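One line per chain: the protein sequences are R and C, in this order.
Counting the first sequence from 1 gives a position; the numbering used here is that position plus 33.
Counting the second sequence from 1 gives a position; the numbering used here is that position plus 219.
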Amino acid sequence: MVLEKLSKIIAEQLGMKQNEITQDTSLKEDLQADSLDIVEIIMSIEEEFDIQVDDDDALNFKTVGDVVEYIEKLI
Amino acid sequence: MISVYLIKYTDLQQAKERILQEYSKKSKGKTYTIEYLPSGAPQLIANSKPSGCVSISHTDSWLAMAFSKDKIGIDLERADREVSSKVCESIEKWTRIEAYAKWTGLGLSRDMLFEKLPDDMIITKRFAKYVVSVCGTTKDFQIVALV
């Protein structure tokens, strides 16, 4: 469920197909998201899941799976 | 003096090297390279030592590199890029925030989205379909477009 909502957020921000995004998708190499994309995605995550993402934690996100795991711990 | 070099590229690494070569020509025999710090920030190197400052931004096959003796930050974006109001009010404002974040060397933090920017240190210009902001303490500014 988290992956589905997260992949929808990412897909909308980056203009991709939702099914192209999996747990193993790497944020930098596969998605080529820049700083603005990342900020937009993080803010959307915070709205969608009603959580606060710590800036320092966000620096450690390497894959979509890392983000799913992080969100699941907070919800 | 802040020097901003712009080049359209197909190969990003080659484009960076081309700009470094052009900048080296103006710099009395120094040959510049770039190394990356653990933070991801670029460090300008000449004769194996840090030598001046550089900031890099690229979008849409355009590469911008800003050089200065002192700390420098640059951000280049398409002028028609959408930015949601929860992030900031305009893409121009975003480039100013990013340029400032790069100037600090610490990267973007959430606080920077809301705190007052040092507007007297940031120059924002539009060219073609793009907007570029440069943050630095030096007032002299030149843009060099390479073909």
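Glycine included, C-beta positions come from ideal geometry on N, C-alpha and C.
Computed from a predicted structure; not experimentally measured.
Coil, strand or helix - residue i by DSSP
| i | result |
| --- | --- |
| C/Gly292 | strand |
| C/Gly355 | strand |
| C/Tyr251 | strand |
| R/Val72 | helix |
| C/Arg237 | helix |
| C/Ala364 | strand |
| C/Ser267 | coil |
| C/Tyr228 | coil |
Close Cβ partners of residue i (< 7 angstroms) along its chain, the five nearest in sequence each way excluded
| i | result |
| --- | --- |
| C/Ala298 | Ile310, Arg345, Lys348, Tyr349 and Val350 |
Contacts that residue i makes with chain C (C-beta to C-beta distance below 7 angstroms)
| i | result |
| --- | --- |
| R/Asp88 | Ser328 and Arg329 |
Nearest-angstrom beta carbon gap, residue j and residue i [assumed within contact, 8 angstroms]
| i | j | result |
| --- | --- | --- |
| C/Trp322 | C/Gly271 | Actually they are not in contact, since the Cβ atoms of C/Trp322 and C/Gly271 sit about 14 angstroms apart, beyond 8 angstroms. |
| C/Leu263 | C/Pro269 | 7 angstroms |
Close-in-space but distant-in-sequence residues of the same chain around residue i (CB under 6 angstroms, 5 per side omitted)
| i | result |
| --- | --- |
| C/Asp294 | Ser276, Thr314, Glu317, Ala318 and Ser352 |
| R/Asp99 | none |
| C/Phe230 | What sits at residue 230 of chain C in the sequence shown is Asp, not Phe. The answer is none, since no qualifying residue turns up. |
Cutoff 8 angstroms; reference residue i; Cβ partners in own chain excluding five residues on either side
| i | result |
| --- | --- |
| C/Lys235 | Ile253, Ile275, Leu282 and Met284 |
| C/Phe360 | Met220, Ile221, Val223, Ile342 and Val353 |
| R/Ile84 | Ile78, Ile104, Leu107 and Ile108 |
| C/Tyr255 | Pro261 and Gln262 |
Residue i: contacting residues in chain R (beta-carbon distance under 8 angstroms)
| i | result |
| --- | --- |
| C/Glu317 | Ser68 and Leu69 |
Chain-ordered chain R contacts of residue i [CB-CB under 7 angstroms]
| i | result |
| --- | --- |
| C/Lys305 | Met76 |
| C/Trp322 | Within chain R, no residue comes near C/Trp322; the closest Cβ sits about 14 angstroms away, beyond 7 angstroms. |
| C/Val350 | The contacting residues do not exist; C/Val350 stays about 13 angstroms from chain R at best. |
Open item on the list: Any C-beta of chain C within less than 7 angstroms: which residues of the stretch 62-81 of chain R qualify?
Closed with: Ser68, Leu69, Val72, Glu73 and Met76
* Using a beta-carbon distance cut-off of less than 8 angstroms, what residues from the stretch 271-288 of chain C approach chain R? -> Thr278
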